[in-house]
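K.L.:
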Amino acid sequence: DFLAIALTDLGNMMERRIFRLTSHDLSGLPPFLTQNSGLNSGFMIPQYTAAALCNMNKILSHPASSDTIPTSADQEDHVSMGMNAALKLRDVVNNVRYITAIEFLVACQATELSDAVISKPGKDLISMVRKHVTHADVDRAHSPDIE
Numbered sequence: 001d002f003l004a005i006a007l008t009d010l011g012n013m014m015e016r017r018i019f020r021l022t023s024h025d026l027s028g029l030p031p032f033l034t035q036n037s038g039l040n041s042g043f044m045i046p047q048y049t050a051a052a053l054c055n056m057n058k059i060l061s062h063p064a065s066s067d068t069i070p071t072s073a074d075q076e077d078h079v080s081m082g083m084n085a086a087l088k089l090r091d092v093v094n095n096v097r098y099i100t101a102i103e104f105l106v107a108c109q110a111t112e113l114s115d116a117v118i119s120k121p122g123k124d125l126i127s128m129v130r131k132h133v134t135h136a137d138v139d140r141a142h143s144p145d146i147e
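In full-length UniProt numbering, the protein residues as written are 1 to 147.
1. When the Cα of residue 99 is compared with those of 80, 2, 124, 45, which residue comes out closest?
2. Going by beta-carbon coordinates alone, are residue 39 and residue 114 separated by less than 8 angstroms?
3. Between which two residues does the alpha helix (DSSP H) harbouring residue 10 extend?
4. Going straight from the alpha carbon of residue 81 to that of residue 49, what length do you get?
5. Under 8 angstroms Cβ to Cβ from residue 126, same chain only, skipping five residues before and after it: list those, please.
6. What did DSSP end up calling residue 147 once you bin it into helix, strand or coil?
7. Taking contact to mean at least 3 C-beta pairs separated by less than 8 angstroms, is the region 47-62 in contact with the region 15-27?
8. Put residue 134 into one of helix, strand or coil per three-state DSSP.
9. Between which two residues does the alpha helix (DSSP H) holding residue 118 run?
10. Could you give the uninterrupted runs of the alpha helix (DSSP H) lying entirely in the region 18-57, keeping only those of 4 residues or more?
11. Reducing DSSP to helix, strand and coil, say where residue 68 ends up.
12. To the nearest angstrom, how far is the alpha carbon of residue 58 from that of residue 121?
13. Can you name the residues that DSSP bridges to residue 76?
14. Pick out whichever of 9, 133, 76 has its Cα sitting closest to the Cα of residue 96.
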């Protein structure tokens, strides 16, 4: 239960960074990290996706252990519901994995569109991502990139 709560918080922080980078008013970068916003939606839908995954994680983070019920002919009056917690955690981990992928893609795109000076480790990270996913100049489905 507690790990799901912690990972939910981590996912929320990542989504907020995604939001800031895709918001022209906050980042100073092109809206949704695309040169032709209005014609192209850029990273608008991946940001929606990250927000929806965060919402799902918040639902999944309700502690299973807080909902105990007597079992075994009332011999066990407190049941941990550990398996339910583990099953929910599996979903939270998977959702955070997708949020992480979205943040990597958004951060690479934002960095390439900015005038920021990039450290060697930052350049290496972008290079690693770009071996698998190209810069998004025009609209495309981002789901294969996120996978």
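By construction, the Cβ of each residue, glycine as well, lies at the ideal position given by its N, Cα and C atoms. What you are looking at is a predicted structure, and each value in this text was computed from that prediction instead of being measured.
P.N.:
From the atom records:
1. Within the sequence shown, numbered from 1, the residue matching residue 99 stands at position 99. Considering only alpha carbons, the answer is 45.
2. Position 39 of the sequence shown, counting from 1, holds the residue named residue 39. Position 114 of the sequence shown, counting from 1, holds the residue named residue 114. In this structure, residue 114 does not lie closer than 8 angstroms to residue 39 by Cβ.
3. Here residue 10 is taken as the residue at index 10 of the sequence shown, counted from 1. That run of the alpha helix (DSSP H) goes 2-22.
4. In the sequence shown, the residue the question calls residue 81 occupies position 81. In the sequence shown, the residue the question calls residue 49 occupies position 49. Straight-line Cα distance between these residues: approximately 30 angstroms.
5. For the purposes of this step, residue 126 is taken as the residue at position 126 of the sequence shown. Correct list, in chain order: 108, 111, 112, 118.
6. Sequence index remark: in the sequence shown, residue 147 carries index 147 (1-based). Coil at residue 147, not helix or strand.
7. Note that the region 47-62 touches the region 15-27; at least 3 beta-carbon pairs, one per stretch, sit closer than 8 angstroms.
8. What you label residue 134 is simply residue 134 of the sequence shown in a count that begins at 1. Reduced to three states, the DSSP call for residue 134 is coil.
9. Position 118 of the sequence shown, counted from the first residue, corresponds to residue 118. Careful: residue 118 lies outside any alpha helix (DSSP H) and carries neither H nor E.
10. 24-27
11. Within the sequence shown, numbered from 1, the residue matching residue 68 stands at position 68. If DSSP states are grouped into helix, strand and coil, residue 68 belongs with coil.
12. As a first step, residue 58 is located in the sequence shown; it is residue number 58 there, counting from the start. As a first step, residue 121 is located in the sequence shown; it is residue number 121 there, counting from the start. About 33 angstroms.
13. Here residue 76 refers to the residue found at position 76 when the sequence shown is read from its first residue. In the DSSP assignment, residue 76 is bridged to 71.
14. Along the sequence shown, one-based indexing puts residue 96 at 96. If we check each option's Cα against that of residue 96, 9 comes out closest.
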